[in-house]
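Here's what the structure looks like:
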């Protein structure tokens, strides 16, 4: 038995001096929903991307034939323009556009509210030619093709001096995004967006000036150019050559520091991106957190998710945290602090980032890993006792107060979807789990039995300490391998989708695998299951704010207790493929009897845990 007590937390906190002790109170109660905007919903077909909108993003080639990809098409099926260019699927997906936009998110807010969602995280929305928007062209504008007037926005942007905020205007896309914030807040929901401050895109206005003027550019020092002699604390020792697409007539290419070729890294000093960049990023923070600059942040976003946060000098996050909290003391800052050593499957202990002045939370991929290894894996599965140790290690590293605000996710835009992970056990999370790297990865639709495993994992997620986090479409029944397959267009009940019948082997001719013909449709039963879990958590304060105690971890039964004032919830889970009787002592009656309040299966038997299942019981104590 392991119990997290206030004494334990105090000892750990005094020892480490690293715990965040004051995340915003609302972060304990929310259910997060991540939206990848380009693939969520096309609310305005008039603004659909055109061929010219792809200029400047990988594969850095002007397309001949090109058209927007039908939302409901078979994911792997080549479109006519894709057949014409003769390239493999791994080339095509970067050039695809489906037309998701800000209006689409606004149109579907009622859907999210009905589901029970109370907080949104949006992948990057800043102006960029890429589908994922991680390579910004402008931080101070929402992507022109996410708004109602792309051509008009382009004209407004061209009139500005991007370095001078006095020249900045509000584009139609910007204004629509502010409308989204307003609609979110009307529904008593929160919204945070991706802050990508480690790097820019190749089309970023400052990098474009460097391309034109080289060493004479006032922004040359913003980047680490090989041979410049400028010091760089970014710890990026790899330089890539400028793609031919960006080499002007009579110019020679140069090499620049980056992790990915189309995302040049900002040069850093000990305080992060060098001072001129920091000054720019401070203005960006202010613009989106208090758009009308009246001192009232209610018209702005509620916080930030910070991309690859460990690649930025940690002192920068002290500065950033002070900017954010000066504008809105109730804002939420979470970071992506993930792989310490990707090649050995070692995740970071993110405690150094979880301090009063830095982050309130991180994306809790350590939780993801534990759930996959416990419920999904066969040959490499961890035991109930090992699960307990793995979960407790994160709480001990971060502190209980921080644990309540962690984003406990089961999938994201950077890894295979939960449903497909269940189909493919005994694999490390986020390690080549797609057909580009692993031709054996099974891309089929999950079976009903595999959905039962998904439901058990979800029950654990909503009962455990921390904030549940849903990746768009998981509740609708979506499946998919790692990027790009985890970024398919959202399943909507009003659409009729083509079945998935195509396998890349059909065209690549470098493998022999095939697939069943999988129907693609919105799954109302799974949606209702997610909805019931969110309602359960909202209606039981112990699941949001209650203390946590592991009370049983042996013989394939994992049980923990959440307790808040007079409310106690007992959660029991069976990860095995066999039915198990619940140990009698776990349901002993004291002052009041236990009542079953949730089961991941149809079984309501008080003493039986079916295979791959979970059950929650509740009682009131006096």
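Residue numbers (the numbering used here): 9 to 630. Glycine is no exception: its CB is placed at the ideal position from the N, C-alpha and C atoms.
Distance between residue 212 and residue 387, taken at the CA atoms: about 47 angstroms.
In this structure, residue 416 and residue 474 form a Cβ contact; the two beta carbons are roughly 4 angstroms apart against a cut-off of 8 angstroms. Membership of residue 558 in the beta strand (DSSP E) is indicated by the continuous run 555 to 562.
Assignment of alpha helix (DSSP H) within the stretch 141 to 218, counting only whole runs of 4 or more residues, yields 158 to 166, 180 to 194 in chain order. Secondary structure within the stretch 254 to 318: the beta strand (DSSP E) runs of 3 or more consecutive residues, fully enclosed, are 263 to 268, 311 to 314 (chain order). Closest by C-alpha distance to residue 289, out of 328, 267, 84, is 328. The beta carbon of residue 365 lies closer than 6 angstroms to those of 326, 329 in the same chain, with the five residues before and after it left out.
Selection 170, 183, 128, 233 evaluated against residue 152 yields 183 as nearest (Cα-Cα).
Our two residues, residue 479 and residue 257, have alpha carbons roughly 45 angstroms apart in a direct line.
Nearest in C-alpha terms to residue 107, of all of 484, 156, 179, is 156.
The alpha-carbon of residue 92 is positioned some 7 angstroms away from that of residue 73.
Below 8 angstroms, too few C-beta pairs join the stretch 212 to 227 and the stretch 189 to 196 to call them touching: fewer than three. The alpha-carbon of residue 526 is positioned some 12 angstroms away from that of residue 485.
Restricting attention to 340, 496, 353, 586, the CA atom closest to the CA of residue 313 is found in 340. Contact between the stretch 531 to 546 and the stretch 441 to 453 is not established, with fewer than three Cβ pairs separated by less than 8 angstroms. Per DSSP, reduced to three states, the secondary structure at residue 379 is helical. Taking C-beta atoms as the reference points, residue 264 and residue 231 count as a pair closer than 7 angstroms. Judged by pairs of C-beta atoms under 8 angstroms, the stretch 138 to 154 touches the stretch 196 to 210, as three or more such pairs exist.
Ranked by Cα distance from residue 553, the options 574, 412, 505, 589 are led by 412. Excluding five sequence positions before and after residue 568, the CB atoms of its chain that fall closer than 7 angstroms to its own CB belong to 556, 557, 558, 559, 579, given in chain order. The alpha-carbon separation between residue 483 and residue 238 amounts to approximately 49 angstroms. For residue 361, the CB contacts under 8 angstroms within the same chain, skipping 5 residues up- and downstream, are 317, 318, 322, 325, 343, 345, 367, 370 in chain order.
By the CB criterion at 7 angstroms, residue 487 and residue 420 fall outside the cutoff.
Under the rule that a run must span 3 or more residues, the beta strand (DSSP E) segments found entirely inside the stretch 374 to 462 read 415 to 417.
DSSP places residue 527 outside both helix and strand once states are collapsed to three, so it counts as coil. In its chain, beyond the 5 residues on either side, 320, 321, 324 have a beta carbon closer than 6 angstroms to the beta carbon of residue 280. Contact check for residue 392 and residue 561: beta-carbon distance about 4 angstroms, within the 8 angstroms limit, so the pair qualifies.
For residue 340, the enclosing beta strand (DSSP E) starts and ends at 340 to 343.
Secondary structure at residue 43: strand, using DSSP grouped into helix, strand and coil. Excluding sequence positions up to five before and after residue 205, its CB lies within less than 6 angstroms of the CB of 289, all in the same chain and listed in chain order. By the Cβ neighbour-count rule, residue 614 is exposed, with fewer than 16 other Cβ atoms within 10 Å of its own.
With 16 or more neighbouring CB atoms inside 10 Å of its own CB, residue 623 falls in the buried class. Cβ atoms of residue 575 and residue 628 come within 8 angstroms of each other, at about 6 angstroms.
In the DSSP assignment, residue 541 falls within the alpha helix (DSSP H) that extends over 532 to 547. When secondary structure is reduced to three states using DSSP, residue 628 falls in the strand class.
In this structure residue 372 is buried. Its beta-carbon is surrounded by 16 or more other beta-carbon atoms within 10 angstroms.
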